[in-house]
Amino acid sequence: MGIESEQLVFDYLSRVGDLAHGTAMSAAERAALVGRLRDEIGRQRSAATGGGESRSSVKRILGRMGKPEDVVAAASGGGGGGTPAPAAVAAPEAPAAVPPPRVPAADPGPEPVFEAMPKAFWPDGDIGRFRGGIEIPEMLRPGLAGDDEPVPLTKPSDAAADEPPVVVAAPEARPSTGRRLARAALSGRRIGGPVELLGVILLVGGTVAGSIVVLALGWLTCYWSPRLSRREAQWATLGMPAAVASGYAVWLLGRAGGYWGELLAEGEAEDLLSDHWPWLLRAAALASAALLLLRARRHVPPPKADT
1309 MGIESEQLVF DYLSRVGDLA HGTAMSAAER AALVGRLRDE IGRQRSAATG
1359 GGESRSSVKR ILGRMGKPED VVAAASGGGG GGTPAPAAVA APEAPAAVPP
1409 PRVPAADPGP EPVFEAMPKA FWPDGDIGRF RGGIEIPEML RPGLAGDDEP
1459 VPLTKPSDAA ADEPPVVVAA PEARPSTGRR LARAALSGRR IGGPVELLGV
1509 ILLVGGTVAG SIVVLALGWL TCYWSPRLSR REAQWATLGM PAAVASGYAV
1559 WLLGRAGGYW GELLAEGEAE DLLSDHWPWL LRAAALASAA LLLLRARRHV
1609 PPPKADT
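Take this note's numbering: the final residue in the sequence shown is number 1615, and no numbers are missing along the way.
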């Protein structure tokens, strides 16, 4: 089947469907009409010489089928090709209106007598022109002498006395600030592991015992930390002792220059250094242990979502 001939059939059926959509035909009727036309075109193309593949043969078949306007008009019954609609039957003439018989007027009866309504009691007289609404008899009747008790408008409920008292549960005591901080500090996964904890213990133990060997093992463990980055391990092992030594050197130079404290005599700086170096070593170890513990107790960051 050629592309051009198939396009002609498609355009013809599309035109029929568009025209049928503007008529009173239902969707099922329009689909049935297009289906019949497609089957008829296919049957005539099969019966034609050469299978009706050429453009000219398809045009002849479509010409025999008729214009889309005529096909739709014939299918819907509203065109010239369809059966004409029957003429409208004339409606029978309505009988002439007969005037209804006249009814004699009734004799006028006695005029209605309006009785005066009883006036309600009110201490100050009438209640203006108030009428209707909800009236409470206790408010309208005259008060009795010695009747000082107010009239209850609601009846006491006996069921309320039998109900057990409602016990309101006391709110739960919130944990103290120290406990919440401790819980936040101890919960969750941390970056540090047993190696970092061992380094902190060795540094603190060496500071208390005053053992250089234990302090050296602590610094080696700190430098070898597998959980910290190289920069963090170097700061904890070398940076903190260097910071303590720099601070002491600044203090010692200030004393030697007379900027603070008494001016040091010749040879007194060496004596101070020989007396203070054990304490400097302990301060450096404690500073390294503090930095190591601080970096090791950090929370493990959550994994990044794949984008």
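Built from N, CA and C at the ideal position, the CB exists for glycine as well.
By the 10 Å Cβ neighbour count, where 16 or more other Cβ atoms means buried, how is residue i classified, buried or exposed?
i	result
R1603	buried
V1521	exposed
S1313	buried
P1586	exposed
V1552	buried
A1335	exposed
R1363	exposed
A1517	exposed
G1575	exposed
A1592	buried
G1514	buried
A1573	exposed
L1581	exposed
Kindly list the residues whose CB is nearer than 6 Å to the CB of residue i, restricted to its own chain and excluding five residues on each side of it in sequence; keep chain order.
i	result
V1289	Because the chain spans 1309 through 1615 in this model, residue 1289 falls outside it and cannot be assessed.
W1568	G1562
L1599	A1544, M1548
A1541	Y1531, S1533
M1373	none
A1383	L1341
T1331	S1384
M1333	S1384
Could you tell me the boundaries of the alpha helix (DSSP H) in which residue i lies?
i	result
S1304	The question about residue 1304 has no answer, for the chain in this structure spans 1309 to 1615.
G1526	1520-1531
R1511	The sequence shown places Leu at residue 1511, not Arg. L1511 -> alpha helix (DSSP H) spans 1502-1517.
W1568	No alpha helix (DSSP H) holds W1568; DSSP gives it neither H nor E.
L1589	1576-1604
G1350	1335-1355
S1484	Taken as a continuous stretch (DSSP letters only), S1484 belongs to no alpha helix (DSSP H), as it is neither H nor E.
R1538	1538-1542
G1547	No alpha helix (DSSP H) holds G1547; DSSP gives it neither H nor E.
A1573	Taken as a continuous stretch (DSSP letters only), A1573 belongs to no alpha helix (DSSP H), as it is neither H nor E.
P1376	1376-1384
A1332	Element bounds for A1332: n/a, residue is neither H nor E.
Whose C-beta lies closer than 8 Å to the C-beta of residue i among residues of the same chain, with five residues either side of it excluded?
i	result
V1317	R1346, I1349, V1366, L1370
V1324	L1341, V1342, L1345, P1376, V1379, V1380
T1485	none
A1564	L1571, L1572, A1577
L1523	L1510, L1511, G1514, T1515, L1589, A1593
R1338	G1325, A1328, H1329
Spatial neighbours of residue i within its chain, please: C-beta separation below 7 Å, excluding the five flanking residues on both sides.
i	result
T1545	W1527, C1530, Y1531, S1596
G1388	Low confidence applies here, because G1388 scores a pLDDT of 38, under 50, leaving its location unreliable; read the following figure in that light. Cβ within range, chain order: A1381.
G1507	G1526, T1529, C1530, S1533, L1600
Y1320	L1370, P1376
G1501	R1535
Residue i CB to nearest chain D CB: under 8 Å?
i	result
A1564	Of the protein chains in this structure there is only one, and it is not chain D.
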